[in-house]
Structure formats: C-alpha cells, structure tokens
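J.: Structure below; questions to follow.
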Amino acid sequence: MQANEEEDPEQSRYTNLKEAASAVSKSFALCINDRSPERSSKKWGVYRISGILFRIYFKINQLNLCRNVIKGIRYAVLPPLTRFPKGDQVTYAYYVGRLEFTEENFDLAEAELLKAFRLCTIRAVHNKELILQYLVPVRLLRGVLPSNELLARYPTMRETYGAIVDALRHGNVKEFSDALSASEETLLRQGTYFTVDRARTVGLRHLFRLVHKIVGSTRVPIPRFKDALQFVGVQATMEETEWELATMIYNGYIKGYLSHERLMIVLSSTDPFPFPLPALTT
C-alpha cells in the first residue's frame with residue numbers, strides 16, 4: 000500500500016488554476032496601478048490580463064471574482080478601450096457578456112456579445128462561434144432568429160441550432176421540443192440549454208400569429224389557438240392554452256388582452272405580434 004494516496008487529478012487541476020489566478024491577479028494589480036507615463040505604462044496590459052483572469056475564473060466557477068475585475072477597470076484611470084488592441088476589446092466584451100448571460104441580465108449580455116461579435120474579424124470563425132454560443136440564445140428570447148446565411152457561415156452553430164431555428168420559424172413547438180432534445184447535450188455543456196428552452200414562446204408566437212392571419216380579425220376565440228396546438232402535435236387543455244397566451248402577452252410577444260368570460264383574445268389593431276429587431280446576419 001502506498002504511504003500517500005494519489006491526489007485527485009481534478010482537485011490538482013483546480014488547485015493549480017487557483018494558484019495561477021492568484022499570480023495573474025497580482026500582475027493585474029501591478030498593471031492597473033502603474034503610474035508610469037502613458038507611452039511606457041503597464042496599463043496597456045490591463046485588458047489582456049483581465050481576459051486571462053476571466054478565463055480562469057470561469058473554469059474554477061468563481062464568477063463573483065469577475066465582478067472585482069470589472070469594478071477595478073471601471074474606476075481605474077485608463078486610456079479608452081478603443082485604443083487597446085482589437086483582440087483585447089473582443090475578449091473583454093465576450094467575457095462581460097458571458098457573465099451577464101450567466102446572471103440572466105440578458106439585455107446587457109446581448110449588448111456586450113453583439114459588440115464582441117461585430118469587432119471580431121470575420122476570419123476568426125472559431126471565435127465568432129464561441130460568441131454566438133451565447134448571443135444566439137439571448138436573441139432567440141427576443142424573437143430574433145439567426146438568418147440562414149449566418150448558420151451556413153458557422154457550421155457548428157448550424158449543427159446545434161439549424162433544426163431549432165426551423166421549428167421556431169414555422170411555429171412548430173413539437174418539432175422545437177424534438178430539436179431541443181437532439182441538441183441537449185451540447186447546450187447543457189455550454190450552459191445555454193435552459194435559456195434556449197425558454198425560446199419555445201417564440202415558436203408559439205409564430206404559430207399564434209398564423210392563427211390570427213387565418214381568422215382575419217383582432218378578436219380570436221381561444222379554442223382556435225388550442226386547435227392550432229393540437230395540429231402541431233401539442234395536446235393542451237383550454238386552461239393551458241389561455242395560460243400560454245397570458246404569458247406571451249406579459250412577455251411582450253403579443254399586444255392585446257384576454258377575455259376569460261368569452262374565451263377570446265382581443266388583439267391590438269396595430270402590430271399585435273411585435274418583432275422589434277432585425278435578424279442577425281453578419
């Protein structure tokens with residue numbers, strides 16, 4: 000029997016990463032507090048080192064420490080971010096966006112991730128796909144579907160989201176559930192599964208919009224929506240259908256109000272199914 004048990008590889012890796020984070024954090028402090036003239040200042044390394052810290056903190060799941068980095072940068076006297084190398088700008092926006100995504104601050108996440116995506120050179124396909132892993136789910140929640148051109152340009156995204164987007168575009172919530180199950184392992188690994196799952200409402204929006212077009216009136220009986228759900232393979236009671244409509248009204252996917260007594264939804268005469276943003280294509 001060995002005198003000492005072998006150390007768990009995962010625990011060893013975690014310990015090494017924590018030690019690395021401590022060393023890099025000291026370098027970050029030295030750079031951000033440097034008082035040398037701007038031309039020779041260590042402050043030019045702040046965003047590069049912050050990217051290394053973010054990456055380590057995400058790996059060891061200490062995301063609260065990311066906030067310390069952001070706070071330090073916010074209150075430091077630094078040259079404008081636009082004067083730093085574009086790669087540093089992209090990395091910083093990407094990790095800030097991921098952090099906001101994790102904390103479900105989706106508006107802030109979208110702004111940072113979109114900034115990172117637009118700044119990232121089109122030749123950096125892998126980096127753009129990393130950004131899209133979080134940007135696409137955020138925009139799905141807003142009812143914004145990636146274009147076919149974008150999915151064709153980024154094969155990994157097409158493999159993960161192709162069937163999901165097709166189902167949402169056609170309002171087929173049953174096919175959406177099937178496509179979500181097919182991509183479940185990938186989405187769980189990326190930490191985006193539950194956000195994408197919430198985009199089911201987008202598919203309902205498209206389906207219910209078709210019902211409105213067929214009826215041709217702002218007053219639509221709720222049973223018509225129930226029939227539409229059954230048509231695409233979703234068995235729902237009248238109460239469940241009414242709840243789906245109420246949720247969509249609350250979240251801004253539908254403009255109107257429900258009349259429970261008459262089992263009817265009264266839609267706005269102007270833009271009853273808002274679609275505020277263009278599709279992501281670049």
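With numbering that gives the first Met the number 0 applied, the sequence shown corresponds to residues 0 to 281, in that order.
We treat Cβ as the ideally placed atom computed from N, Cα and C, and that holds for glycine.
All of these numbers come straight from a predicted model, not from anything done at the bench.
To the nearest angstrom, how far is the alpha carbon of C65 from that of L139?
T.: So the two alpha carbons sit approximately 26 angstroms from each other.
J.: Am I right that A135 and Y160 are in contact with their C-beta atoms under 8 angstroms? What's the rounded C-beta distance?
T.: Reading off the sequence, residue 135 comes out as Val, not Ala. Yes, they are in contact, since the Cβ atoms of V135 and Y160 sit about 6 angstroms apart, within 8 angstroms.
J.: Taking the alpha carbon of L129 as the point to measure from, which residue in N171, I264, N250 and V89 has its own alpha carbon closest?
T.: Comparing Cα positions, the closest option is V89.
J.: In this structure, how does DSSP classify R223 when only helix, strand and coil are distinguished?
T.: helix
J.: Are there three or more Cβ pairs, one per stretch, closer than 8 angstroms when the segment 180–189 is compared with the segment 154–172?
T.: yes
J.: Let me know the alpha helix (DSSP H) ranges lying completely inside the segment 107–165, each 4 residues or longer, listed in chain order.
T.: If we require 4 residues or more, the alpha helix (DSSP H) runs fully inside the segment 107–165 come out as 124–140 and 147–152.
J.: With DSSP collapsed to three states, give me the class of P271.
T.: coil
J.: When burial is assigned at 16 or more other CB atoms within 10 Å of the CB, is M237 buried or exposed?
T.: exposed
J.: Three or more C-beta pairs closer than 8 angstroms, one from the segment 66–73 and one from the segment 103–121: is that the case here?
T.: no
J.: Measuring straight from C-alpha to C-alpha, what distance separates V195 and Y133?
T.: 10 angstroms
J.: Considering only the alpha carbon of each residue, which of K212, H211, K173 and T155 lies closest to L186?
T.: T155
J.: For F344 and L244, what's the separation of their Cα atoms in angstroms?
T.: Residue coverage of the chain in this structure runs from 0 to 281, which leaves residue 344 outside it and unanswerable.
J.: Comparing C-alpha positions only, which one of T246, M247 and P222 sits nearest to A235?
T.: P222
J.: Quick check on this structure: which residue in M247, G86 and V137 has the alpha carbon closest to the alpha carbon of S49?
T.: G86
J.: Are the beta-carbon atoms of Q57 and R97 separated by less than 9 angstroms?
T.: With the sequence shown as reference, residue 57 is identified as Phe, and Gln is not the correct amino acid for it. In contact: F57 and R97 (Cβ atoms closer than 9 angstroms).
J.: Within the continuous alpha helix (DSSP H) that includes V45, where are the two ends?
T.: V45 to K58
J.: Alpha carbon to alpha carbon, how far is Y91 from P145?
T.: Answer to the nearest angstrom: the Cα atoms are 24 angstroms apart.
J.: Can you check which of these residues, T246, R218, M247 and G232, is closest to L262 by C-alpha distance?
T.: R218
J.: Here's the rule I'm using: 16 or more other beta-carbon atoms within 10 Å means buried, otherwise exposed. How should Y46 be labelled?
T.: Counting Cβ neighbours within 10 Å, Y46 comes out buried, since at least 16 surround it.
J.: What residue does the alpha helix (DSSP H) around S180 start on, and which one ends it?
T.: V172 to A181
J.: Have a look at E9 and I55 and give me their C-alpha separation to the nearest angstrom.
T.: 15 angstroms
J.: Label F193 either buried or exposed according to how many other C-beta atoms from any shown protein chain fall within 10 Å of its C-beta, with 16 as the threshold for buried.
T.: exposed
J.: Assuming I264 is part of the beta strand (DSSP E), what are its boundary residues?
T.: From DSSP, the beta strand (DSSP E) with I264 extends over M263 to L266.
J.: Could you tell me if L29 is buried or exposed, where buried requires 16 or more neighbouring beta carbons within 10 angstroms of its beta carbon?
T.: Per the 10 Å Cβ criterion, exposed.
J.: Starting from G255, follow its DSSP beta bridges and name the residues at the other end.
T.: L266
J.: Taking all protein chains shown into account, decide if N171 is buried (16 or more other Cβ within 10 angstroms of its Cβ) or exposed.
T.: buried
J.: Using three-state DSSP, classify L64 as helix, strand or coil.
T.: helix
J.: Please tell me whether V233 and K173 are closer than 9 angstroms, where the distance is taken between their beta carbons.
T.: Yes; because the gap between Cβ atoms is below 9 angstroms, this pair is in contact.
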